[in-house]
Structure formats: structure tokens, C-alpha cells
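What follows is a short report on a single structure.
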Amino acid sequence: MSDWQATHRVSAQVTFAHGSVLEGELHLQSSTALHQSAETTLEMLNRPDQFFAMTLPAGEIALVAKAQVAVVTCQASEPFIVDPERASVATELTLEVHVVGGRRFRGATRSELPPLHTRAMDFLNDLTGFFDLAEGKTVQYINRASVLYVHPLD
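Counting with numbering that gives the first Met the number 0, you get residues 0 to 153 for the letters of the sequence shown.
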């Protein structure tokens, strides 16, 4: 069995900064040191690795450069924050995000920043590469490096 078969897979659409799209399945670790369940899409995208693996519809593996990704789109299947204690102190923010290529996304995200740093500006200046933005049953994982500007809607 290859290492790719031992992972948890999530269907996704990857939109690159230059506009092309790749569809397939992301490979998430089946366990993580952070919590007892499988790795989340956001955790995988924010790992320090420069590339992530994706199985394409024909079965081949693509190693995708995170720096070239603007947005990863998935169906909502995991909570914003896995740990209930962390979720209880998070602040929800509603944003309209404009990214390179002219795409715009609206939705909600959760900030786990300290109590005196709960503004949208504080959240956007966080050092992690990607953040999640959920609307309905769709979650956009947006690369902060691809954001042009944001309208806070709260």
C-alpha cells in the first residue's frame, strides 16, 4: 500500500493565483498531535511544507505549490475549530474577501486571537498562510498572500 492510500481524502477544487483550476482529492493525515481526529484541511494548508499532495480524477498524484494557490474550495465537513474549548473563546467575523484574479468571497470565519485583538485587521495580519471562510455548505481556504482587500461586514 502506498503512503497516499493511508491518508484521509477530501474532495477539493484548487484555484491558482493566475486563474487555472485543479480538481481532485486532498490528502490529510489520519491523525495529528493537535487533537484526536484527522487533520483538517486548514491544518494541512498551514503546515510549514511548501507543497501538498492531491490525487487528480485520473488517479495521478499532483504535488501542488502552496505559494501559487489562491483558494482551495471544499464542501463543509469539518468544524471551524475542532477543539470545543478553543471554539468557545473564538470570535466570529463576517468578511467579503477580494483575491487576485477578480474573485470575491463572502462568509464567516473564526478568530482565536487574544481578547484585545479581535478586529478583522488583527485576524488578517495573523502569520498563518491560509484562513477559512464558510458560506452555507462551502468553505473557501484563502491564501493570505492572494488577498487584494477585505470588507469587514460586522
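All C-beta atoms, glycine included, are put in the ideal place defined by N, C-alpha and C.
A quick note: this is a predicted structure, and the numbers were derived from the prediction, not measured.
Within 8 Å, strictly: CB atoms of I60 and F104: Position 61 of the sequence shown holds residue 60. Position 105 of the sequence shown holds residue 104. Contact flag unset, no.
Where the beta strand (DSSP E) containing T90 begins and where it ends: Position 91 of the sequence shown, counting from 1, holds the residue named residue 90. Per DSSP, T90 belongs to the beta strand (DSSP E) from T90 to V98.
One or two residues paired with M53 in a DSSP bridge: Locating residue 53 in the sequence shown gives position 54, counting from the first residue. Answer by DSSP bridge pairing, in chain order: L25 and A61.
Between the CA atoms of Q12 and V20 - distance to the nearest angstrom: To locate residue 20, count along the sequence shown from 1; it is residue 21. To locate residue 12, count along the sequence shown from 1; it is residue 13. Straight-line Cα distance between these residues: approximately 7 Å.
Every unbroken beta strand (DSSP E) inside the region 101-152 [3 residues or more]: 103-110, 129-134, 137-142 and 146-151
Pair within 8 Å by beta-carbon distance, R109 and T90: On the sequence shown, residue 109 is found 110 positions in, with the first residue counted as 1. On the sequence shown, residue 90 is found 91 positions in, with the first residue counted as 1. The answer is yes: Cβ separation under 8 Å.
Nearest residue (CA-CA) to S29, options Q74, F130, M53 and T6: Counting from 1 along the sequence shown, the entry for residue 29 is found at position 30. Measuring from the Cα of S29, the nearest candidate turns out to be T6.
Coil, strand or helix - A69 by DSSP: What you label residue 69 is simply residue 70 of the sequence shown in a count that begins at 1. Reduced to three states, the DSSP call for A69 is strand.
Backbone secondary structure at T40 - three-state DSSP: Here residue 40 corresponds to residue number 41 of the sequence shown, with the count starting at 1. Residue state, collapsed to three classes: helix.
Assumed close pair A69, F15 - CB separation to whole angstroms, cut-off 8 Å: The residue you call residue 69 lines up with position 70 of the sequence shown. The residue you call residue 15 lines up with position 16 of the sequence shown. Confirmed, about 6 Å.
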